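Following this note's numbering, the numbering of the sequence shown begins with 123 at its first residue and continues without gaps. We put the CB at the ideal spot given by N, CA and C, even for glycine. Note that the structure is a prediction, hence the values are computed from the model and not measured. The structure appears right after this line, and notes come after that.
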Amino acid sequence: MSGDPPPLFEARDLVKHFRIRRSVVQAVNGVSLAIPRGRTLGLVGESGSGKSTVARLALRLLEPTSGELRFDGTDLRRASRTEMRALRRRMQIVFQDPFGSLNPRMRVLDAVGEPLAVHRLARGRARVDRVVELLERVGLSARDLHKYAHQFSGGQAQRIGIARALATDPDLIVCDEAVSALDVSVQAQVLNLLKRLQAELGLSYLFIAHDLNVVRYMSDEVCVMYLGEIVERGDGDALFADPRHPYTQMLVDAIPEFGRRERAVPEGETPSPSNPPPGCRFHTRCPQVAQDCRTEVPLVHRIAPDRTAACHLHDPRREVTLA
Ligand code: SF4
Numbered sequence: 123m124s125g126d127p128p129p130l131f132e133a134r135d136l137v138k139h140f141r142i143r144r145s146v147v148q149a150v151n152g153v154s155l156a157i158p159r160g161r162t163l164g165l166v167g168e169s170g171s172g173k174s175t176v177a178r179l180a181l182r183l184l185e186p187t188s189g190e191l192r193f194d195g196t197d198l199r200r201a202s203r204t205e206m207r208a209l210r211r212r213m214q215i216v217f218q219d220p221f222g223s224l225n226p227r228m229r230v231l232d233a234v235g236e237p238l239a240v241h242r243l244a245r246g247r248a249r250v251d252r253v254v255e256l257l258e259r260v261g262l263s264a265r266d267l268h269k270y271a272h273q274f275s276g277g278q279a280q281r282i283g284i285a286r287a288l289a290t291d292p293d294l295i296v297c298d299e300a301v302s303a304l305d306v307s308v309q310a311q312v313l314n315l316l317k318r319l320q321a322e323l324g325l326s327y328l329f330i331a332h333d334l335n336v337v338r339y340m341s342d343e344v345c346v347m348y349l350g351e352i353v354e355r356g357d358g359d360a361l362f363a364d365p366r367h368p369y370t371q372m373l374v375d376a377i378p379e380f381g382r383r384e385r386a387v388p389e390g391e392t393p394s395p396s397n398p399p400p401g402c403r404f405h406t407r408c409p410q411v412a413q414d415c416r417t418e419v420p421l422v423h424r425i426a427p428d429r430t431a432a433c434h435l436h437d438p439r440r441e442v443t444l445a
């Protein structure tokens, strides 16, 4: 809506193609998304859908092939090194594997305090105090300062990862499968911690996961990705209650408590992003495939005030010829 404040983060028509030997992997193909301040945008899809590449592009850990990235009004692709350095403080990431992302030779004090040193935010006693404050914020304590990563459980290690991400007082945190490696009960604790931190600190999240339940719990809005493209987006609860794109329906039907068994079940594997199918990229698996789907790329259609889907079935001008 025109009266809405500008989003904190915005990506427009983002493309990332990797050249690997003689083939081109189309990892991300025209993704647009926006994250309002203090809100959570969920990104869901099977492995290989391009979710994690979007995360890395958003933080400019990868350079896009084309497209626009804006953070708090700044064009990230045109930002100078100095501007980018200042902006990096405000955009952080929590990775899937808490142990893999923590240096096993570093004590917690050094792991959590490292961003404070890199960005010259605190040193000496002030750095120790700030690290203790961060540990307490995530449910740990000063007693953990001198321990190493291997002395913690997976959930505790992920809390350390979150404390590290919070060290620079960010506005945006990208959570890339941040709870996927944890047991279900521990997952719930970490998700609740992330929600509490959002309420306390006004954080915005780009929340990436393949688990629909987790994404639904965390997200205000959800984007569903398939083979490098967003195929459906909408309010989280509404989207999972009434999925409109055949791929979202497939994901939802795979969850026993949500799914509708009367719907036809798609078959097959996700095609390779180095050789995506022509037309609709989902057509090789779609139970509702029509002739047009094999040749025509579907446009994005608005199917409700806060819902879009990229599927010919939702094109009001089109008569779909069944295959
Ligand atoms: Fe299925 Fe066709 Fe819609 Fe693609 S465009 S999701 S193949 S019905």
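Open item on the list: So, for PRO420: in the same chain, excluding its five sequence neighbours on each side, which residues have a beta-carbon less than 6 Å away from its beta-carbon?
Closed with: CYS402, ALA432, CYS433, HIS434
- [ ] Indicate, with yes or no, if the ligand SF4 has a heavy atom lying under 7 Å from the CB of GLN410.
- [x] yes
Open item on the list: Taking the beta carbon of VAL260 as the centre, do at least 16 other beta carbons fall within 10 Å, making it buried, or is it exposed?
Closed with: buried
Task: heavy atom of the ligand SF4 below 7 Å from PRO400 C-beta - done: no
Task: Short Cβ contact (8 Å threshold) for LEU155 with ALA177 - done: no
Open item on the list: What residue range does the alpha helix (DSSP H) around ALA285 cover?
Closed with: 276-288
TODO: Would you kindly work out how many angstroms separate the C-alpha atoms of GLN273 and ASP364, rounded to a whole number?
DONE: 44 Å
Open item on the list: At the level of alpha carbons, what is the spacing between GLN371 and ASN397?
Closed with: 24 Å
Task: Top-ranked residue by Cα proximity to SER223, from ALA287, SER394, ASP437 - done: ALA287
- [ ] Below 8 Å on the Cβ atoms is my guess for PRO409 versus LEU349; work out the distance and round it to an integer in Å.
- [x] Actually they do not touch by this definition, with Cβ atoms about 17 Å apart.
Open item on the list: Given a cut-off of 8 Å on the beta-carbon distance, is the pair PRO186 and LEU136 in contact?
Closed with: yes
Open item on the list: Are the CB atoms of ASP194 and LEU243 within a distance shorter than 8 Å?
Closed with: no
- [ ] Can you tell me which of the three DSSP states ALA239 falls into?
- [x] helix
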